[in-house]
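S.K.: Below you will find the structure I want to go over with you.
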Amino acid sequence: MSALKYTKEHEWIRVEGNVGTVGISPYAQEQLGDVVFVELPEVGRKAEQGKEIAVVESVKAASEIFAPVGGDVVDVNKDLPATPATVNSDPLGAGWFFKLRLADPAQLEKLMDEAAYKSYVEGLH
Amino acid sequence: MADPVKGAIPAATYTGNRGLAIEEPLIFEQDMPGRCGVDLPAPAKVEDRLGGLRRRGPIGLPGLAEPQAIRHYTRLSQKNYSIDTGVYPLGSCTMKHNPRLNEKLARMPGLADLHPMQPISTVQGALELIDLLAHWLKTLTGMPAVAMSPAAGAHGELCGVMAIRAALEHRGDRRRRILVPESAHGTNPATAAACGFEVDSIPADAQGRVDLAAYRAKLGGDVAGIMITNPNTCGLFESDFERIAEDMHKAGGFVYGDGANFNAIVGHVRPGHLGVDCMHINLHKTFSTPHGGGGPGSGPVVLSEALAPFAPLPYVVHGNQGFSLVEQDDGGTSLGRLKGFHGQMGMFIRALAYMMSHGADGLRQVANDAVLNANYLMACLGEELTSAFAGPCMHEALFDDRFLKNSGVSTLDFAKAMIDEGFHPMTMYFPLVVHGALLMEPTETESKDALDQFIGALISLARRAKGGEGAAFHEAPVLTPRRRLDETAAARRPVLRWQPPQGRAAE
Amino acid sequence: MRYLPLTDTDRRAMLAKIGVPSIDSLYRDVPEVAWLAGPVDLPPHQGELEVERAIGALAAKNMGSSAVPSFLGAGAYRHHVPAAVDHLIQRGEFLTSYTPYQPEVSQGTLQYLFEFQTQICLITGMEVANASMYDGATATAEAVMMADRVTRRRRAVISGNLHPHYREICQTHARFLDFKLAIGEPDPAGRQDLAGLIDSETSCVVVQNPDFFGNLRDQSKLAEACHRAGALLIVAVTEPVSLGLVEPPGAMGADIVTAEGQPIGNALTYGGPYLGLFATREKYLRQMPGRLVGETADVDGKRGWVLTLSTREQHIRREKATSNICTNSGLCALAFTIHLTLLGEAGLVRLAEINHATTVRLAERLSALAGCRIVSESFFNEFTLRLPKPAAEVVEQLAKNRILGGVPVSRLYPKRPDLADLLLVSAGECTTDADMEALLGALKEVL
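If you read the sequences in order, they're chains L, R and S. So the first sequence is numbered by the working numbering: it starts at 3 and just counts up by one. So the second sequence is numbered by the working numbering: it starts at 39 and just counts up by one. So the third sequence is numbered by the working numbering: it starts at 79 and just counts up by one.
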């Protein structure tokens, strides 16, 4: 199990081989409140690092999800739209959004590791 | 000895009613086939001309007689808070008293029964009324022109932003960036983006106003304009407004003023003299037309010389032959039609009656008292609550949630507890520039007694929150027909209409 | 001043509490140059009596359509509104309440809007409806923009028989919101076939039923053609009373239905405030503009209602909102729903039958006039009459005889001489035999 990397916009990515699984952080789901809806990209869609790729909605906010790295969407979490609450209950596991085949693994270096993300979040208050 | 009264308060009643708080089902649950609330004669027998499209199945509408219908809606009304009930301190909404004279006049024969497509010769008085209201609006704002047709504030914003784009296109300019303060109401960026502009956010400074340096840094040859609210959504007058407007005009852009907070300055300040190019006015805010549970509103837009040529259709003109309506442009510069027919005439009548009732002197007093009432709230509440910015404020007072720190009570909980005290909560969590915002606009139609009671209640609540009663706040409200409702479930599994119960064949 | 409760004693006490000498000191952030020294150049305050006289004088210069025989339609229709409606909407708890953002103290508004949404679904034959928009015309433009979002295409086909105001608003939006329109020619006999204009770039086709000239058409084949091409069918209805008697757009395969709600519950008031109705299929729910009321329960398990799916709206999505609409038409929706509740199934059907029967009788009598011919092949309560001379002059002459004889098509199509002889004539339950006699008599003189 490889380590998680995080973006400033609170997405996480877990890379295995050349494929990264993407979701939102526990902090993000807490800020959003109860998630009511998710909009996932189509398989095959090309993602660009830092550009919008999905949408997550709670009762009080709607948030874009930005691709942590560029690549092709190879899989989406088909169960998620029917049970959006999973994003709240298991954001790092069953609440994953989509999987990307990385176009350029070097882009991962721009992201934060777990410790860096933790201090980043603490600094936000 | 047990308290006999407490013992007599039932946990539940047979009906579910609690005294005057009556439970009321849906009209669909009161349907009685054959019942009807109107009496209509039998139609003449004719051969129909429906082209074979006569309806094949039933509609499914319920039937109620008049007594049941009146009882239904009366009971529903009793579950609503309203200005007529009590203080409605919603920031930037200007929930002032709605004069009843205005309702009477809007229903006058010769006004209420005018069809929009009557020949112009038969509606001269109506066109004169629109023209007269336009005159009041232009005089109060110091602007040379006004577009009367937008239906609400957001619609007026659309009109203003479209006018800016039309003006830019007219001079062959392809600018695409619009500056919007981060404290702005959500309709501002939504409108700009809808019209193809890129929205660039300007931060607020520590005093809650547009950061002038940050603003200047964002100016450039691709800036189309700025959408700015004055007084702003923090309840503060943008003292740099003239400079902001001057800089924007020098850069070749336009200034859109969001007039939602006009109540603070009406009769004292003319936005036209500050450099505004277009400004929408909410007749349902500053000029008292009723909010009606969510509309209808009216959002006329005053326009500068630079933007007047692009005003939407239709508009009223006054010539030798009397009044007329220009409904077609013939290759002219108008941005086009935005609304069916001519505008929210029913709200024009009400707003004009309001203006005539107050007069120039009364309107000045309106702004004075609105600002006085808001500052009184700020002065009285400043100790127990935390003001977001140092005073004075304009017509609304902004607090943040620092006073609730470590109490376990959020702004939301605090607001819900106000409901049990008999008050509608103030605006919460807006503007976004302040944490846990509480934005209060009392308006000029609240008496000092009403304000003192309101202040006393808020101080009491603040003390209780700080005194460790957090659990009670989480339960609030407890005295309303419904307690906190599950908004998450409503959004996850939307039920947006009544359906007949399963097993009953669709009739 | 009767609306200002503060007295000078109050003001002094409040200024003292605030700690400033005068009101003017509260305005210290206003630059000198912007500050008005005295009241603006407008009249001073007046009592109720004077204001009533002034507004009354303006009203007296108009010919109210309820005082004379009136046959006006063209997108706004006069019906008898039961007395109870106006009494109920003037209850302070409805009239002076705000948008129901605090559901615990707005269950009245939320419940009637939920009932309203249901009624709209029932009469249009659709699955979900919103809590109202500004009017039928702007609702139709919003429908086009929604179709663009759903299909991710940017070219709409607009029937030439759509009400010109509706079409003009679509044109304004297309120009500034960067999408394209293909607009058909007006066709008074209502025979045009739009299927040929649909291609792989088409987001939607917009038709009106009954159309601007009165014609009723089965839109099912057009709906099929749209769906084969991946486009949406939008049907606009300017006279919802027609839905009491005519097959609804939902049954014909419409994807979005927009309508003007004014004819039910709302006075003509020279064109506003009116009421936009908007309904669609559940699968398009998240792209739907406007407010939505949804059912839920409170912490005690009691049924209640809330505004829901607000994340589509401007106050949350900001730049990404589906629409910038905020205030809509709440009180007009209340008037609509109360009137429709009083009518019920039996009442709406009968009202529609009376409207149609009256209009059929009028059409027969008018078509017997020398030189006159009914152009509309089918109609509900409005048809197009071809006159032997330009309709606008005829209407002016009739007005001088205190008859509002119909709407000349040239009022909305001033640059079309081929349409100048056409008159739109509407009738309904308010039309009496005496009214029809008066119109016929006057027309015989004028023509």
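Here a beta-carbon is modelled for each residue, glycine too, at the ideal position from N, C-alpha and C. Since we're looking at a predicted model, the values are computed, not measured.
1) Output needed for residue 382 of chain S: all residues of its chain with C-beta closer than 7 Å, excluding positions within five of it in sequence on either side, in chain order.
2) What are the boundary residues of the alpha helix (DSSP H) that includes residue 505 of chain R?
3) Tell me where the beta strand (DSSP E) around residue 244 of chain S begins and ends.
4) 8 Å is my cut-off, CB to CB: does residue 236 of chain R come that close to chain L?
5) Taking the alpha-carbon positions, what's the residue 343 of chain S to residue 417 of chain S distance?
6) Are the region 467–482 of chain R and the region 127–135 of chain R in contact at 8 Å, needing three or more beta carbon pairs?
7) Does any CB atom of chain B fall closer than 8 Å to the CB of residue 39 of chain L?
8) Which residues of the region 90–107 of chain S have a Cβ closer than 8 Å to any Cβ of chain R? Give them in chain order.
9) Please work out which residues of its chain come closer than 8 Å, Cβ to Cβ, to residue 402 of chain R, disregarding the five sequence neighbours upstream and downstream, and give them in chain order.
10) Less than 8 Å between the C-beta atoms of residue 426 of chain R and residue 436 of chain R, yes or no?
11) Thinking C-alpha only, which one of R:64, R:421, R:497 and R:507 is nearest residue 195 of chain S?
12) Counting only runs of 3+ residues fully inside the region 384–457 of chain R, write out the beta strand (DSSP E) ranges in chain order.
13) What's the C-alpha gap between residue 446 of chain R and residue 508 of chain R?
14) Measuring alpha carbon to alpha carbon, tell me which of S:367, S:479, S:351 and S:434 ends up nearest residue 378 of chain R.
15) Using the Cβ count rule (16 or more neighbours within 10 Å means buried), how would you classify residue 165 of chain S?
16) Since residue 526 of chain R meets chain L, which of its residues come closer than 9 Å, beta carbon to beta carbon?
17) Residues in the same chain with beta-carbon distance under 8 Å from residue 169 of chain R, minus the five sequence neighbours each way, listed in chain order, please.
18) Under the three-state reduction of DSSP, which class applies to residue 228 of chain R: helix, strand or coil?
19) Taking DSSP's pairing of strands, which residues face residue 286 of chain S in a bridge?
20) How should residue 91 of chain L be labelled, buried or exposed, when 16 other C-beta atoms within 10 angstroms of its C-beta is the threshold for buried?
21) So residue 510 of chain S contacts chain R; which residues on that side make the cut at Cβ distance below 7 Å?
22) Out of S:439, S:478, S:468 and S:469, point me to the one whose CA is closest to residue 559 of chain S's CA.
23) Should residue 485 of chain S go down as buried or exposed, given a rule of 16 or more other Cβ atoms within 10 Å for buried?
24) Return helix, strand or coil for residue 96 of chain L, following the three-state DSSP convention.
25) Who are the Cβ neighbours of residue 543 of chain R in its own chain at under 7 Å, not counting the five residues just before and after it?
26) Suppose the cutoff is 7 Å on Cβ atoms and the five residues either side in sequence are ignored; what does the same chain contact list for residue 259 of chain S look like?
27) Taking all protein chains shown into account, do 16 or more other C-beta atoms lie within 10 angstroms of the C-beta of residue 78 of chain L, making it buried, or fewer, making it exposed?
28) In angstroms with no decimal places, state the Cα-to-Cα distance between residue 397 of chain R and residue 119 of chain S.
29) What separation, rounded to the nearest whole angstrom, lies between the Cα atoms of residue 408 of chain R and residue 268 of chain R?
30) Where does residue 7 of chain L land, buried or exposed, given buried means 16+ other C-beta within 10 angstroms?
31) Return the chain-ordered list of same chain residues with a C-beta closer than 7 Å to the C-beta of residue 340 of chain S, the five sequence neighbours on each side being excluded.
32) I'd like to know if residue 530 of chain R contacts chain L, where contact means its C-beta is closer than 8 Å to some C-beta of that chain.
33) May I have the straight-line CA-CA distance separating residue 540 of chain R from residue 227 of chain R, to the nearest angstrom?
34) The region 161–172 of chain S: which residues have C-beta closer than 9 Å to a C-beta of chain R, in chain order?
35) Do residue 180 of chain R and residue 57 of chain R have their C-beta atoms within less than 8 Å of each other?
36) Kindly indicate the opening and closing residues of the beta strand (DSSP E) around residue 316 of chain R.
M.R.: In this structure, then:
1) The count along the third sequence starts at 1 and reaches residue 382 of chain S at position 304. Result list for residue 382 of chain S: 181, 185, 374, 375 and 376, in chain order.
2) For the purposes of this step, residue 505 of chain R is taken as the residue at position 467 of the second sequence. Careful: residue 505 of chain R lies outside any alpha helix (DSSP H) and carries neither H nor E.
3) If you number the third sequence from 1, residue 244 of chain S lands on position 166. Counting along the chain, residue 244 of chain S falls outside any beta strand (DSSP E), though it belongs to the alpha helix (DSSP H) covering 242–254.
4) Mapped onto the second sequence, residue 236 of chain R falls at position 198. Not an interface residue.
5) The sequence position of residue 343 of chain S within the third sequence is 265, counting from 1. The sequence position of residue 417 of chain S within the third sequence is 339, counting from 1. When rounded, the distance between both Cα atoms is 5 Å.
6) Contact holds: three or more Cβ-Cβ distances are below 8 Å.
7) Chain labels in this structure do not include chain B; the protein chains are L, R and S.
8) For the region 90–107 of chain S, the beta-carbon criterion of a distance under 8 Å to any beta-carbon of chain R is satisfied by 91, 92, 93, 95, 96, 97, 98, 101, 103, 104, 105, 106 and 107.
9) As a working note, residue 402 of chain R is residue 364 in the second sequence. Apart from the 5 residues on each side of it in sequence, residue 402 of chain R sits with its Cβ closer than 8 Å to the Cβ of 304, 305 and 306 in its chain, given in chain order.
10) Against the second sequence, residue 426 of chain R aligns to sequence position 388. Against the second sequence, residue 436 of chain R aligns to sequence position 398. Result yes, Cβ atoms of residue 426 of chain R and residue 436 of chain R sit closer than 8 Å.
11) Position 117 of the third sequence, counted from the start, is the residue given in the question as residue 195 of chain S. The candidate whose alpha carbon is nearest that of residue 195 of chain S is R:64.
12) Under the rule that a run must span 3 or more residues, the beta strand (DSSP E) segments found entirely inside the region 384–457 of chain R read 435–438.
13) As a working note, residue 446 of chain R is residue 408 in the second sequence. As a working note, residue 508 of chain R is residue 470 in the second sequence. One C-alpha to the other measures close to 6 Å.
14) Here residue 378 of chain R is taken as the residue at index 340 of the second sequence, counted from 1. Residue S:351 is the option with its Cα nearest to residue 378 of chain R.
15) Stepping through the third sequence from its first residue, residue 165 of chain S is reached at position 87. By the beta-carbon neighbour count (other beta carbons within 10 angstroms, threshold 16), residue 165 of chain S is exposed.
16) Within the second sequence, numbered from 1, the residue matching residue 526 of chain R stands at position 488. Using a Cβ-Cβ cut-off of 9 Å, residue 526 of chain R is close to 35, 36, 37, 38, 60, 61 and 87 of chain L, given in chain order.
17) For the purposes of this step, residue 169 of chain R is taken as residue 131 along the second sequence, with counting starting at 1. Excluding residues up to 5 positions away in sequence, 354, 356 and 361 lie with their Cβ nearer than 8 Å to the Cβ of residue 169 of chain R in the same chain.
18) Taking the first residue of the second sequence as position 1, residue 228 of chain R is located at position 190. Residue 228 of chain R falls in the helix class under three-state DSSP.
19) Locating residue 286 of chain S in the third sequence gives position 208, where the first residue counts as 1. In DSSP, residue 286 of chain S forms a bridge with S:314.
20) Translated into the one-based positions of the first sequence, residue 91 of chain L becomes position 89. Counting Cβ neighbours within 10 Å, residue 91 of chain L comes out exposed, since fewer than 16 surround it.
21) The residue labelled residue 510 of chain S in the question sits at position 432 within the third sequence. Near residue 510 of chain S there are no residues of chain R at all, since even the closest Cβ is about 12 Å away, more than 7 Å.
22) The structure shown has nothing for residue 559 of chain S, since chain S only spans 79 to 525.
23) Looking up residue 485 of chain S in the third sequence gives position 407. Residue 485 of chain S comes out buried.
24) Sequence index remark: in the first sequence, residue 96 of chain L carries index 94 (1-based). In the displayed model, residue 96 of chain L falls within coil according to three-state DSSP, outside both helix and strand.
25) Here residue 543 of chain R refers to the residue found at position 505 when the second sequence is read from its first residue. Note that residue 543 of chain R scores a pLDDT of 45, beneath 50, so its modelled location is shaky and nothing firm can be said.
26) Translated into positions along the third sequence, residue 259 of chain S becomes position 181. Within the same chain, residue 259 of chain S has close Cβ partners 234, 236, 248, 249 and 252.
27) Counted from its first residue, the first sequence places residue 78 of chain L at position 76. Label assigned to residue 78 of chain L: buried.
28) Here residue 397 of chain R corresponds to residue number 359 of the second sequence, with the count starting at 1. Here residue 119 of chain S corresponds to residue number 41 of the third sequence, with the count starting at 1. One alpha carbon belongs to residue 397 of chain R, the other to residue 119 of chain S, and they sit about 10 Å apart.
29) Taking the first residue of the second sequence as position 1, residue 408 of chain R is located at position 370. Taking the first residue of the second sequence as position 1, residue 268 of chain R is located at position 230. Residue 408 of chain R and residue 268 of chain R: Cα-Cα distance of roughly 15 Å.
30) Looking up residue 7 of chain L in the first sequence gives position 5. Buried, because 16 or more other Cβ atoms sit within 10 Å of the Cβ of residue 7 of chain L.
31) Mapped onto the third sequence, residue 340 of chain S falls at position 262. 154, 352 and 353, listed in sequence order.
32) Here residue 530 of chain R refers to the residue found at position 492 of the second sequence. Yes, contact with chain L.
33) On the second sequence, position 502 is the one that residue 540 of chain R refers to. On the second sequence, position 189 is the one that residue 227 of chain R refers to. Here the C-alpha atom of residue 540 of chain R lies approximately 45 Å from the C-alpha atom of residue 227 of chain R.
34) Cβ proximity to chain R below 9 Å picks out 162, 164, 165, 166, 167, 168, 169, 170, 171 and 172 from the region 161–172 of chain S.
35) Counting from one through the second sequence, the residue named residue 180 of chain R turns up at place 142. Counting from one through the second sequence, the residue named residue 57 of chain R turns up at place 19. Judged by their CB atoms, residue 180 of chain R and residue 57 of chain R are not nearer to each other than the 8 Å cut-off.
36) Translated into positions along the second sequence, residue 316 of chain R becomes position 278. Segment 316–318, the beta strand (DSSP E) holding residue 316 of chain R.
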